[in-house]
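Report on the structure given below.
Numbering (the working numbering), first residue to last: 220 to 535.
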């Protein structure tokens, strides 16, 4: 009897040893840690004439990585037209995605738009984007993702593109800070669009960081179009002393809030970068990720020392 039990145990052990390599050969992934998830980010600096093709490619590739949701910085390249027809086409495309998709307008979507007379119609185009893409409180796409929109505050009802939502003890924030100097105009006269938007942005940043501190949020992802430079040393922007830097106030607020925040802050923008693939650069508790014309999948582990990291299949 003892001999039979010994043989049975040996057989079970042998089967386990043989099965283990087979499991690794199949490429089985280790079990995710508690609260671990991934999300995808999409840039928009497409080569001229390839906007539609590249956008569709990135949507298909990000969907295969099975993210919890997607965040798109911009809906078109600067070389593409600022027409309702294109806006509607991109909205339909975004709504066809199986996962929730959060859109943040980029400067290329509105700041450089001009009417048939060659005059700027940036504000009209921004308002049109708000009407077409942000009429509902939820994200785009087929998946459900409720968002807190700043437009829910009567004083800031025009700023539906500014959002935040919480996912697995991580706070995600979108803020309308376009590239090209935050749409600060150097011509004479009042910078009304810039100044009014900055009032809204200040309020939304303070609200978001207050929410994170009250709820002991492990990490914050702050998504903007423009690179505000909050992750670099303070003296780096001394060269802009003779020129009005439209990012100065946003940079000051973010740095001040980051210094008082115990978690990790990841800044994401659409600055063009020379590297072959996106990479996160860290300075203390502030990280920076520039997307350029690519997409990235990020892994998030809220309870770990490294909350944010690029997933192995982060870009194609």
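Idealized CB from N, CA, C, for every residue including glycine.
Every value quoted in this text rests on a predicted model; they were computed, and no experiment measured them.
Contact between residue 388 and residue 436 holds, since their C-beta atoms are separated by about 6 Å, short of 8 Å. A residue is called buried when at least 16 other Cβ atoms come within 10 angstroms of its Cβ; residue 307 does not meet this threshold and is exposed. Secondary structure of residue 496 (DSSP, three-state): coil. Under DSSP, residue 519 forms a beta bridge with 256, 527. Residue range 289 to 292 is occupied by the beta strand (DSSP E) that includes residue 290. Listed in chain order, the non-local C-beta contacts of residue 286 below 7 Å within the same chain comprise 257, 258, 259, 318, 516, local neighbours out to five positions each way being set aside. C-alpha of residue 340 to C-alpha of residue 381: approximately 21 Å in a straight line. Distance between residue 405 and residue 463, taken at the CA atoms: about 8 Å.
For residue 509, there is no enclosing alpha helix (DSSP H); the residue is found in the beta strand (DSSP E) stretching over 505 to 509.
Residue 333 is bridged by DSSP to 339.
Membership of residue 386 in the beta strand (DSSP E) is indicated by the continuous run 382 to 386.
About 6 Å separates the beta carbon of residue 488 from that of residue 509, a gap short enough to meet the 8 Å contact definition.
Judged by DSSP secondary structure, residue 311 falls within the alpha helix (DSSP H) whose first and last residues are 303 to 314. By the Cβ neighbour-count rule, residue 295 is buried, with 16 or more other Cβ atoms within 10 Å of its own. Exclusion of the five residues before and after residue 400 leaves 465 as the residues of its chain whose Cβ lies within less than 6 Å of its Cβ. For residue 442, the three-state secondary structure derived from DSSP is strand.
Secondary structure at residue 420: helix, using DSSP grouped into helix, strand and coil. Of the candidates 374, 419, 472, 367, 472 places its Cα closest to the Cα of residue 448. DSSP places residue 476 in the uninterrupted alpha helix (DSSP H) bounded by 467 to 478.
Fewer than three pairs of CB atoms, one per stretch, sit closer than 8 Å, so the segment 352 to 365 makes no contact with the segment 412 to 428. In this structure, the beta-carbon distance from residue 267 to residue 315 does not fall below 9 Å. When only Cα atoms are considered, residue 321 and residue 391 end up about 10 Å apart. Under the DSSP definition of a beta bridge, residue 375 lacks any partner. Burial of residue 273 is indicated by the presence of at least 16 other C-beta atoms within 10 angstroms of its C-beta. Beta-bridge partners assigned by DSSP to residue 483: 438. Burial check for residue 425: the Cβ neighbour count within 10 Å stays below 16, so the residue is exposed.
Note on geometry: alpha-carbon atoms of residue 476 and residue 506 lie some 14 Å from one another. Closest option to residue 301, judged by alpha-carbon separation, among 289, 480, 342, 280: 342.
DSSP links residue 404 through a beta bridge to no other residue.
Under the three-state reduction of DSSP, residue 344 is assigned to helix.
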